[in-house]
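Peer 1: In UniProt numbering, the protein residues as written are 1 to 370. Pasting in a structure now, in structure tokens, and then I'll have a few things to ask.
Written out as structure tokens, the structure is:
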């Protein structure tokens, strides 16, 4: 692998590690010390405790059990006791009562952070339920079903849940009514696929697909199989191991997504012994674009598009080619939309309207061949 691509791949792994929080964070199993890391500082860490997502979420308006600890009177007490009853198995280790005497400030902060992570996990599951039902969602519903009496923490919980939906599931929350704070849940890069099986237990898999498409783009439009597996391993996604969201990774990437025409999986020409690589499939080219994928990468990195000059130039070339084709054959151009001005500096481009919280996942620049 060229030095620049090798360095970029290393930085990609570090970015994924910092975003996910621990190697097994989104895996079905992970060591106890990694679970502690996954539940670390809510305010300063970008970890996403997906392993804490409960199996079921009460419907809006359903009864909410409560069990207030003795001697609790602070806002932290309220959210901790609420969390301790809602997140049965996933958060059983977090069910702690506040002592009747004044708690140690460090312990109090730790308990609050754990409770916020628990609320975030519950909100993510609630959002997934609404996505499965293809229903919009309002702030009032989120407060009623999940946040309850802890409205003061809603902005932090909502922001963290939005991050999780975007990164892990490839789903964005788009505000459609600022007055009523109504949202719809949509695919982050415009793909028509979400990988769901049509039942309540199935979860969207498009977040992983977007990551793979991004890695292929960053690797010069054809990524060696070993590079993909190495990068995904930091998420707890391993060949031959069933993942509680994505299932068995090799089957998903080399069979399911190949059959769906989102990926191509082929032998590297001239390789002996045989080596294999991934490329974008025809459906990925048709439904999204390099620019949309790069925008997704930049968004979760907290960067502007020009932070990736070679990738940005390549994405612009593709967009211009599609626009030229559009002049000859009118119709929507994949990867473009109203108000999008990819050719202008960041200051002249429209600001994101979805309240995105940005964190590093993909890093590094390299020269790519088209």
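All residues carry an ideal CB built from backbone N, CA and C; glycine is no exception.
Any contact of the stretch 105-114 with the stretch 122-136, i.e. 3+ C-beta pairs under 8 Å?
Peer 2: No: the two stretches stay apart, fewer than three of their Cβ pairs being nearer than 8 Å.
Peer 1: By DSSP's criteria, residue 371 is part of a beta bridge. Which residues make up the other side?
Peer 2: Here the chain comprises residues numbered 1 to 370, so residue 371 is not present and cannot be evaluated.
Peer 1: Under 9 Å between the Cβ atoms of residue 182 and residue 137?
Peer 2: Yes.
Peer 1: Which of the three DSSP states, helix, strand or coil, is assigned to residue 304?
Peer 2: In this structure, residue 304 counts as coil in the three-state DSSP scheme.
Peer 1: Given a threshold of 16 other Cβ atoms within 10 Å of its Cβ, counted over all protein chains shown, does residue 176 qualify as buried or as exposed?
Peer 2: The residue is exposed, with fewer than 16 neighbouring Cβ atoms inside 10 Å.
Peer 1: Can you tell me whether residue 375 is buried or exposed, with buried defined as 16 or more other CB within 10 angstroms of its CB?
Peer 2: Outside the displayed span of the chain (1 to 370) sits residue 375, for which this structure offers no information.
Peer 1: Whole beta strand (DSSP E) runs in the stretch 171-197 with 3 or more residues, listed along the chain?
Peer 2: Those beta strand (DSSP E) runs which fall completely within the stretch 171-197 and span 3+ residues are 171-177 and 182-187.
Peer 1: Bridge partners of residue 282, per DSSP?
Peer 2: None, per the DSSP bridge assignment.
Peer 1: Pull up the distance between the alpha-carbon of residue 68 and that of residue 167, whole angstroms please.
Peer 2: For residue 68, the predicted structure reports a pLDDT of 37, less than 50, and the residue's modelled location is therefore unreliable. The matter cannot be settled from this model.
Peer 1: Write down the C-beta distance between residue 289 and residue 319 rounded to the nearest angstrom, noting that I regard them as a contact closer than 8 Å.
Peer 2: About 7 Å separates the two Cβ atoms, so the contact holds.
Peer 1: Return the chain-ordered ranges of every beta strand (DSSP E) run that is complete within the stretch 216-271 and spans a minimum of 3 residues.
Peer 2: List check, beta strand (DSSP E) in window: 263-267.
Peer 1: Restricting to Cα atoms, I'd like to know which of 262, 239, 223 and 327 is closest to residue 206.
Peer 2: Closest by alpha carbon: 262.
Peer 1: Kindly list the residues whose CB is nearer than 8 Å to the CB of residue 258, restricted to its own chain and excluding five residues on each side of it in sequence; keep chain order.
Peer 2: The residues are 264, 265 and 281.
Peer 1: Look at residue 278 and residue 253 and say whether their C-beta atoms are less than 9 Å apart.
Peer 2: Yes, they are a contact pair.
Peer 1: Cβ of residue 315 within 9 Å of Cβ of residue 305?
Peer 2: Yes.
Peer 1: For the alpha helix (DSSP H) that contains residue 311, what are its first and last residues?
Peer 2: Per DSSP, residue 311 belongs to the alpha helix (DSSP H) from 309-328.
Peer 1: What is the rounded straight-line gap between the Cα of residue 226 and the Cα of residue 191?
Peer 2: Whole-angstrom Cα-Cα distance: 25 Å.
Peer 1: Who does residue 138 pair with in a DSSP beta bridge?
Peer 2: Per DSSP, 182.
Peer 1: If I measure Cβ to Cβ from residue 204 and keep anything under 8 Å in the same chain, skipping five residues before and after, which residues do I get?
Peer 2: Taken in chain order, the residues that qualify are 128, 131, 169, 170, 171, 194, 195 and 196.
Peer 1: Taking the C-alpha atoms as reference points, what is the distance between residue 274 and residue 213?
Peer 2: Those two C-alpha atoms are separated by around 23 Å.
Peer 1: How would you call residue 145, buried or exposed, if buried means at least 16 neighbouring beta carbons within 10 angstroms?
Peer 2: With 16 or more other Cβ atoms within 10 Å, it is buried.
Peer 1: Give every residue of the same chain whose Cβ lies closer than 7 Å to the Cβ of residue 184, excluding the five residues on either side of it in the sequence, and list them in chain order.
Peer 2: The answer, listed in chain order, is 136, 174 and 176.
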